[in-house]
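For reference, the structure discussed in these notes is given below.
Numbering (the working numbering), first residue to last: 1 to 333.
The following block contains the structure:
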């Protein structure tokens with residue numbers, strides 16, 4: 001492989017030619033298999049970071065991952081929900097664990113995957129450990145946990161061998177790389193799953209949407225909060241359901257912070273977050289409204305319930321939620 005020529009090709013950017021899906025698949029496969037020297041790999045990572053990947057390149061990278069992936073078995077009546085959690089919280093409480101625990105209570109199997117530490121931020125795994133939910137060491141162990149308690153947590157390396165090396169380059173180089181987008185697309189199962197796919201930048205949301213449509217994936221797609229896969233508790237983003245090669249808007253984006261203040265904890269360390277989430281699940285505090293909308297969309301998209309009305313009824317029978325106005329209530333009508 002002529003690394004210099006490849007680096008020149010990748011780093012030219014627009015209007016330079018990007019890689020075809022076949023070229024991207026071959027390159028990413030070589031990266032995952034450990035055949036690219038550190039210096040050249042760092043140059044490729046930074047070149048792609050500056051230029052950003054094309055949809056064709058993301059499709060090729062994704063294909064390389066799928067070709068090397070290991071899969072979990074699932075035979076339940078509903079689609080399992082997959083939550084990629086790689087960023088952690090730095091501005092307010094990380095709501096990813098609360099989302100997962102709400103879905104678990106509603107009898108939806110939830111698989112989380114992500115990192116233990118993230119630049120000093122509060123990661124989901126640290127909160128889940130306080131609930132006795134430790135990372136599974138094998139996919140077989142994760143399968144048993146899903147069957148017995150409807151929730152499990154794994155590291156991405158169990159599914160995508162070689163991906164951990166790329167994720168760790170963030171610490172060495174100081175920036176994210178293609179792997180951080182690709183793990184969001186990960187389906188660890190031998191059947192369809194409902195993936196919560198969130199990105200902070202509109203350009204990446206559009207690219208991820210096109211990849212999902214091309215690969216006929218099942219997902220709820222929306223703008224991330226703190227880089228995590230839960231909706232903003234103060235302003236609902238556009239929520240798009242992608243399935244069967246088409247996309248349906250489940251909820252339009254709110255254009256202003258019109259919702260009342262959410263009773264989030266002022267301190268959001270691991271201990272404080274855990275205590276607050278227990279209070280929410282015990283009914284001492286209401287669930288943030290936007291999170292209720294996200295859970296309702298999960299119930300419908302996973303096949304757990306038939307429609308939004310059934311989702312609304314199920315949620316209200318299990319959690320304390322704030323009163324909706326007529327306009328907001330239309331989401332579940």
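Beta carbons: idealized from backbone N, C-alpha and C, even for Gly.
Would DSSP call residue i helix, strand or coil?
i	result
residue 276	helix
residue 175	coil
residue 325	In this predicted model, residue 325 has a pLDDT of only 46, less than 50, meaning its place in the structure is not dependable enough to derive any value.
residue 224	coil
residue 341	No statement about residue 341 is possible, as the shown extent of the chain runs from 1 to 333 and does not include it.
residue 96	helix
residue 46	helix
residue 21	helix
residue 86	coil
residue 320	coil
residue 169	helix
residue 31	helix
residue 142	helix
residue 81	strand
residue 106	coil
residue 51	helix
residue 284	coil
residue 268	coil
Residue i bridges to which residues according to DSSP?
i	result
residue 204	Note: residue 204 sits in no beta bridge, so no partner.
residue 301	In DSSP, residue 301 forms no bridge with anything.
residue 154	113
residue 189	72
residue 125	Bridge partners of residue 125: none, in fact.
residue 136	DSSP lists no partner for residue 136.
residue 263	For residue 263, which the question treats as bridged, DSSP gives no partner whatsoever.
residue 219	195, 242
Between which two residues does the alpha helix (DSSP H) holding residue i run?
i	result
residue 62	55 to 68
residue 71	Where residue 71 is concerned, there is no enclosing alpha helix (DSSP H), given that its DSSP letter is neither H nor E.
residue 309	308 to 316
residue 112	Per DSSP, residue 112 belongs to no alpha helix (DSSP H); it is in the beta strand (DSSP E), 110 to 114.
In the DSSP assignment, find the beta strand (DSSP E) that holds residue i and state where it starts and stops.
i	result
residue 250	246 to 251
residue 198	194 to 199
residue 5	Looking at the DSSP string, residue 5 is not in any beta strand (DSSP E); the run it does join, the alpha helix (DSSP H), is 3 to 11.
residue 240	239 to 243
For the region 122 to 134 against the region 95 to 110, are there 3 or more C-beta pairs whose distance is under 8 Å? Touching, yes.
Segment contact, 8 Å Cβ cut-off, at least three pairs: the region 191 to 204 with the region 264 to 276: no
At least 3 beta-carbon pairs within less than 8 Å: the region 87 to 97 vs the region 59 to 73: no
For the structure I just gave you, are there three or more beta carbon pairs, one from the region 74 to 83 and one from the region 35 to 54, closer than 8 Å? no
Across the region 205 to 219 and the region 154 to 165, are there enough close Cβ pairs to call them in contact, namely three or more that are closer than 8 Å? no
Inspect the CB distances between the region 81 to 92 and the region 52 to 62 and report whether three or more fall short of 8 Å. no
With contact counted as at least three CB pairs below 8 Å, one residue from each stretch, are the region 240 to 250 and the region 106 to 121 in contact? no
Could you check whether the region 136 to 145 touches the region 167 to 177, counting it as contact only if at least three pairs of C-beta atoms, one from each stretch, sit closer than 8 Å? As far as the Cβ criterion goes, the region 136 to 145 does not touch the region 167 to 177, which means the pair count is below three.
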